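A quick write-up on the structure given underneath.
Numbering (our numbering), first residue to last: 31 to 255.
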């Protein structure tokens, strides 16, 4: 029987110790397993009722092994949130080289296939409004970044004014609110709320953008964002 690795699982002996690349790959795999287990448990129980011991058990590690990767529960929470954003960015990048509203629609499609991750995000973002929540600073910073990103998306597609007269800066919080609000309604009543279709309905209400609707002969150049 081999001695447990530093992270609480059993390694492959001297050969594994010599293979630094293999060790790093295993470390990355275990870190991802921890994050996935934490997402599932937070979605089921909420952050405050999710213990490090429970996360370690679901990930197939000892608690000491989990602490090797995430020394505190707060660091684990930040890791979960960063992983969720990383996966979202990867999905958006795969959908389009430039982030546009059609890429956002494809991101909504993707989120509709992973209710557990969406549930975790929804629970944590709602919990973070309390003053002492460890994710509050993360979500404050994240929503500032989201609003800035949405502003760029809208300006690239519509220019300085949307068809309804709003500027991209004023419309950006509404776009973010629609995405998050649809997620909540979909989680509560997925049979009644078709999240991807509803988001496309909202985009239709915005009307065609300058780039989409202007055409080659419109004489309009997109205001680059």
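Note that beta-carbon positions come from the ideal geometry of N, C-alpha and C, so glycine has one too. Because the structure is a prediction, the values reported are computed rather than measured.
| Check | Outcome |
| --- | --- |
| Selected residue, minimal CA-CA separation from residue 148, among 101, 223, 213 | 213 |
| Residue 53 versus residue 100 - alpha carbon distance | 17 angstroms |
| Residue nearest to residue 232 in terms of C-alpha spacing, selected from 222, 207, 218, 220 | 207 |
| Secondary structure of residue 99, DSSP reduced to three states | helix |
| Contact the region 177-188 vs the region 84-98: 3+ CB pairs below 8 angstroms | no |
| DSSP-derived helix/strand/coil call for residue 160 | coil |
| Distance between residue 190 and residue 201 (C-alpha atoms, nearest Å) | 11 angstroms |
| As assigned by DSSP and simplified to three states, the class of residue 77 | coil |
| 7 angstroms Cβ cutoff met for residue 103 and residue 134 | no |
| Close Cβ partners of residue 176 (< 7 angstroms) along its chain, the five nearest in sequence each way excluded | 206 |
| Check whether residue 168 and residue 111 have beta carbons under 7 angstroms apart | yes |
| Assigned exposure category for residue 138 - 16 Cβ within 10 Å defines buried | buried |
| Reduced DSSP secondary structure (H/G/I, E/B, other) of residue 226 | helix |
| Classification of residue 220 by the beta-carbon crowding that lies within 10 angstroms, buried from 16 upward | exposed |
| Per-residue burial, residue 131 [other beta carbons within 10 Å of its own, 16 or more giving buried] | buried |
| Where residue 195 falls, given that 16 or more other Cβ within 10 Å makes a residue buried | exposed |
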